[in-house]
Amino acid sequence: MHPISQPLTVFLIGVTGDLSKKKILKALFELYKQQILENNFTLIGIARKTFSQEEFRDFVRVTLNTDVGNADWQAFSQSLFYVSGDVSDQQTFKNINKFHNGRKTCGNHLWYVATLPSLYTEVVKNIRLEKLQDSSCGWTKLLLEKPFGTDLESSRQLNKELLQTFREDQIYRIDHFLAKETVQNLLAFRFANGLFETMWNAKHIDNIQITATETMGIGERAAFYDQTGATRDYFQNHVLQMLATTLMEEPEHLSAEAVRLKRRQLLSNLHITEKNGRLQAFFGQYESGTINDSPAAGYKQEANIPGSSITETAIAVECEVDSERWRGVPIYLRHGKRMRQAVSEITIVFKEPKNQMFSELGGTQPPNVLTLRIQPNEGIIFRFNVKKPGLKLDLQTVPMQFCYNSNQDSGLVEAYEKLLYDAISSDPMFFPEAVGIEESWKFVEPLLRLLKGPTFMPEPYTAGSWGPSSFDELLQKDKTWIEPNPDLCQIIYETT
Numbered sequence: 005m006h007p008i009s010q011p012l013t014v015f016l017i018g019v020t021g022d023l024s025k026k027k028i029l030k031a032l033f034e035l036y037k038q039q040i041l042e043n044n045f046t047l048i049g050i051a052r053k054t055f056s057q058e059e060f061r062d063f064v065r066v067t068l069n070t071d072v073g074n075a076d077w078q079a080f081s082q083s084l085f086y087v088s089g090d091v092s093d094q095q096t097f098k099n100i101n102k103f104h105n106g107r108k109t110c111g112n113h114l115w116y117v118a119t120l121p122s123l124y125t126e127v128v129k130n131i132r133l134e135k136l137q138d139s140s141c142g143w144t145k146l147l148l149e150k151p152f153g154t155d156l157e158s159s160r161q162l163n164k165e166l167l168q169t170f171r172e173d174q175i176y177r178i179d180h181f182l183a184k185e186t187v188q189n190l191l192a193f194r195f196a197n198g199l200f201e202t203m204w205n206a207k208h209i210d211n212i213q214i215t216a217t218e219t220m221g222i223g224e225r226a227a228f229y230d231q232t233g234a235t236r237d238y239f240q241n242h243v244l245q246m247l248a249t250t251l252m253e254e255p256e257h258l259s260a261e262a263v264r265l266k267r268r269q270l271l272s273n274l275h276i277t278e279k280n281g282r283l284q285a286f287f288g289q290y291e292s293g294t295i296n297d298s299p300a301a302g303y304k305q306e307a308n309i310p311g312s313s314i315t316e317t318a319i320a321v322e323c324e325v326d327s328e329r330w331r332g333v334p335i336y337l338r339h340g341k342r343m344r345q346a347v348s349e350i351t352i353v354f355k356e357p358k359n360q361m362f363s364e365l366g367g368t369q370p371p372n373v374l375t376l377r378i379q380p381n382e383g384i385i386f387r388f389n390v391k392k393p394g395l396k397l398d399l400q401t402v403p404m405q406f407c408y409n410s411n412q413d414s415g416l417v418e419a420y421e422k423l424l425y426d427a428i429s430s431d432p433m434f435f436p437e438a439v440g441i442e443e444s445w446k447f448v449e450p451l452l453r454l455l456k457g458p459t460f461m462p463e464p465y466t467a468g469s470w471g472p473s474s475f476d477e478l479l480q481k482d483k484t485w486i487e488p489n490p491d492l493c494q495i496i497y498e499t500t
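The numbering used here numbers the first residue of the sequence shown as 5 and each following residue consecutively.
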């Protein structure tokens, strides 16, 4: 990463919110400590709370868990300012403009909207009314968090309203999974290594699995989650973007336009498998159970969730890609809350060798399996069969793994640092564009119709399990889910 030398003002709307406190402020501070953001950087936080400038700086310091005397903090704090107001009120943006003009800092402007999606259109409208969508001496960009709509139609409507104020090239839509190191490494892993790219097809691959599960429940998001559910909240964005990046065709060149095009084309060729007239999609809702030896409440026992709720907290889908490369390869996707592990990984299960010479040894010959661990403990592991040491000719499966935490100089950065840096550097490669998001909603539309069906009822599953029994039944008779290995990439090797 290179230093951002031009003057920059970040307008962080929702600065006191959960996302800002957990991710955004920490990412900005890290970029500042690394001298990527320099002293010509300014953060103007915007929220409803009433703060003096010193009170706001103290709020940020406590959020960052930083000592008052820390030298980096003392320098960073001089770049922090605050404007209080309701972002649905145009007067707030008049106040923002007046405050910013009073500082007489002319440069690039980044509007980061980290608030409820229902406020997006109001925020953007007020930016337009105050003519803040352009800077007289630099660029202006809009950074938005998912979800982008609740279905295909609302996504299109949101984009239409955004384009009344900003050009498409000014809008950066965040899916932070695309900033995960292992996801971005897929480009290099596939297209810089002939070994795997030549085998990345239906001729060599038996099935593909993506597991993206969480041990936590809904936390304090009851009102939002009960109206949204797992399909819209997580599956439509994170899971599908991981899948598209894994399976897309080779881009013509290494540019944002070319990479986004191939991701979009993959999604347009993706469809849900149908068997005996039924879409292969199943939904669950967690009941009380135990996770990591601690009791976990059921979804309907969560605060502010009605006892009659039929909101899905887990989803599993079988799908296929209608392309020459992938035709005939089943793809299994699963996501859920209150599951056995908090893990996200992509698993490629290769076909067994055509020869059966080792079948004479008895037992089964496990397939070669490639796992790309997104989180936690990012890394790549390949499992293959070798002769077991000893006098007899027996086979055993051994792992070969690459782990980011095995090298203290790996340069691994947190996803939000990467997102902010890329947006500031005008690199939209790992930000989904409007038409790509529409393709993901097109794929999800049949699932939304199932959820709205008059007889829909999610299948209960015990907290701490891998979901309802239908998730296992989803796989064909000769296939099973590859259970994530909790020990993957947990060992940190010393460097010499």
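Glycine included, C-beta positions come from ideal geometry on N, C-alpha and C.
Q.
If I measure Cβ to Cβ from ASN273 and keep anything under 7 Å in the same chain, skipping five residues before and after, which residues do I get?
A. Mapped onto the sequence shown, residue 273 falls at position 269. Counting only residues of its own chain and dropping the five nearest sequence neighbours on each side, ASN273 has a CB closer than 7 Å to the CB of VAL325, ASP326 and SER327.
Q. Quick one, are the C-beta atoms of ASN241 and TRP330 less than 9 Å apart?
A. As a working note, residue 241 is residue 237 in the sequence shown. As a working note, residue 330 is residue 326 in the sequence shown. Cβ atoms of ASN241 and TRP330: not closer than 9 Å.
Q. Out of curiosity, what's the CA-to-CA distance linking GLN10 and SER83?
A. On the sequence shown, residue 10 is found 6 positions in, with the first residue counted as 1. On the sequence shown, residue 83 is found 79 positions in, with the first residue counted as 1. Taken atom to atom, the span from the alpha-carbon of GLN10 to that of SER83 is near 15 Å.
Q.
If you reduce the DSSP assignment to three classes, tell me which class ASN44 lands in.
A. What you label residue 44 is simply residue 40 of the sequence shown in a count that begins at 1. In the structure shown, ASN44 falls within a coil segment according to DSSP collapsed to helix, strand and coil.
Q. Rounded to the nearest angstrom, how far is the Cβ of LEU416 from that of GLU185, given a contact under 8 Å?
A. On the sequence shown, position 412 is the one that residue 416 refers to. On the sequence shown, position 181 is the one that residue 185 refers to. Cβ atoms of LEU416 and GLU185 come within 8 Å of each other, at about 6 Å.
Q: Kindly confirm or deny that the region 46-59 and the region 85-98 touch, where touching means at least three C-beta pairs closer than 8 Å.
A: Touching, per the Cβ criterion.
Q: List the residues that DSSP assigns as beta-bridge partners of ALA4.
A: What the structure shows of the chain is the stretch from 5 to 500, and residue 4 is not part of that stretch, so it cannot be assessed.
**Q.** CA-to-CA distance, LEU147 to TYR497, given in whole angstroms
**A.** As a position in the sequence shown, residue 497 is number 493, starting the count at 1. As a position in the sequence shown, residue 147 is number 143, starting the count at 1. With a pLDDT of 40 at TYR497, under the threshold of 50, the predicted position of this residue should be treated as unreliable, though the coordinate-derived value follows. The alpha-carbon separation between TYR497 and LEU147 amounts to approximately 38 Å.
Q: Could you have a look at LYS483 and say whether DSSP puts it in helix, strand or coil?
A: In the sequence shown, the residue the question calls residue 483 occupies position 479. Coil, per DSSP.
Q. Can you tell which of GLY106, TRP470 and LEU133 has the C-alpha that lies nearest to the C-alpha of GLN95?
A. Start at 1 with the first residue of the sequence shown, and residue 95 comes out as number 91. Comparing Cα positions, the closest option is LEU133.
Q | Status (buried if at least 16 other CB within 10 Å, exposed otherwise) for SER159 | A | Numbered from 1 along the sequence shown, position 155 holds the residue referred to as residue 159. Its Cβ being crowded by 16 or more others within 10 Å, SER159 is buried.
Q) Whose C-beta lies closer than 7 Å to the C-beta of PRO121 among residues of the same chain, with five residues either side of it excluded? A) On the sequence shown, position 117 is the one that residue 121 refers to. In chain order, PRO151 place their CB closer than 7 Å to the CB of PRO121, counting only its own chain and leaving out the 5 sequence neighbours on each side.
Q: May I have the straight-line CA-CA distance separating HIS180 from LYS25, to the nearest angstrom?
A: Position 176 of the sequence shown, counted from the start, is the residue given in the question as residue 180. Position 21 of the sequence shown, counted from the start, is the residue given in the question as residue 25. A straight-line Cα-Cα distance of about 16 Å links HIS180 and LYS25.
Q: Give a yes or no on contact between the region 340-357 and the region 212-228, applying the rule of three or more CB pairs nearer than 8 Å.
A: Of all C-beta pairs linking the region 340-357 to the region 212-228, three or more are shorter than 8 Å, placing the two stretches in contact.
Q | Any beta strand (DSSP E) of 3 or more consecutive residues that is wholly inside the region 108-136 | A | Within the region 108-136, the complete beta strand (DSSP E) runs of at least 3 residues are 112-117.
(Q) Suppose the cutoff is 8 Å on Cβ atoms and the five residues either side in sequence are ignored; what does the same chain contact list for SER292 look like? (A) For the purposes of this step, residue 292 is taken as the residue at position 288 of the sequence shown. Within the same chain, PRO299, ALA300, ALA301, GLY302, GLN305, THR466 and ALA467 come within 8 Å of SER292 by CB-CB distance, once the 5 residues on both sides are set aside.
Q. Is there at least one Cβ from chain D nearer than 9 Å to SER469's Cβ?
A. Absent from the structure: chain D. Only one protein chain is present.
**Q.** Cut-off 7 Å between Cβ atoms - residues of its own chain near LEU283, not counting five sequence neighbours on either side
**A.** The count along the sequence shown starts at 1 and reaches residue 283 at position 279. Excluding positions up to five away in sequence, the list reads ILE276, PRO450 and LEU454.
Q: Helix, strand or coil for ASN280, going by three-state DSSP, please let me know.
A: Taking the sequence shown and counting its residues from 1, the one referred to as residue 280 is at position 276. Here ASN280 sits in coil by DSSP.
Q: Tell whether a beta-carbon distance below 9 Å holds between ARG387 and MET404.
A: Residue 387 sits at position 383 when you count from the first residue of the sequence shown. Residue 404 sits at position 400 when you count from the first residue of the sequence shown. Taking 9 Å as the Cβ cut-off, ARG387 and MET404 qualify as a contacting pair.
Q) What span of residues does the alpha helix (DSSP H) with PHE354 cover, start to end? A) The residue you call residue 354 lines up with position 350 of the sequence shown. Careful: PHE354 lies outside any alpha helix (DSSP H), inside the beta strand (DSSP E) at 347-354.
(Q) Once the 5 residues before and after ALA320 are set aside, which same chain residues still bring their CB inside 6 Å of it? (A) Stepping through the sequence shown from its first residue, residue 320 is reached at position 316. Annotation for ALA320: PHE286, ARG338, PHE475 and LEU478 place their beta carbon closer than 6 Å to its own, counting only its chain and skipping 5 residues before and after.
(Q) Considering only the alpha carbon of each residue, which of ILE178, GLN245 and MET433 lies closest to GLU443? (A) Counting from one through the sequence shown, the residue named residue 443 turns up at place 439. Here the closest residue by C-alpha is GLN245.
**Q.** 6 Å Cβ shell around VAL333 - same chain, five flanking residues per side excluded
**A.** Counting from one through the sequence shown, the residue named residue 333 turns up at place 329. Once the five neighbours on either side are set aside, the close Cβ partners of VAL333 are ALA206 and ILE209.
Q.
If the criterion is Cβ atoms closer than 9 Å, does the pair THR169 and ILE131 meet it?
A. The residue you call residue 169 lines up with position 165 of the sequence shown. The residue you call residue 131 lines up with position 127 of the sequence shown. Their beta carbons are under 9 Å apart, which means THR169 touches ILE131 by this criterion.
Q | GLU477, enclosing alpha helix (DSSP H) - first and last residue | A | For the purposes of this step, residue 477 is identified with residue 473 of the sequence shown, where counting begins at 1. Run containing GLU477: 473-478, per the alpha helix (DSSP H) assignment.
Q) What did DSSP end up calling ALA226 once you bin it into helix, strand or coil? A) Here residue 226 is taken as the residue at index 222 of the sequence shown, counted from 1. Of the three classes helix, strand and coil, the one that applies to ALA226 here is helix, per DSSP.
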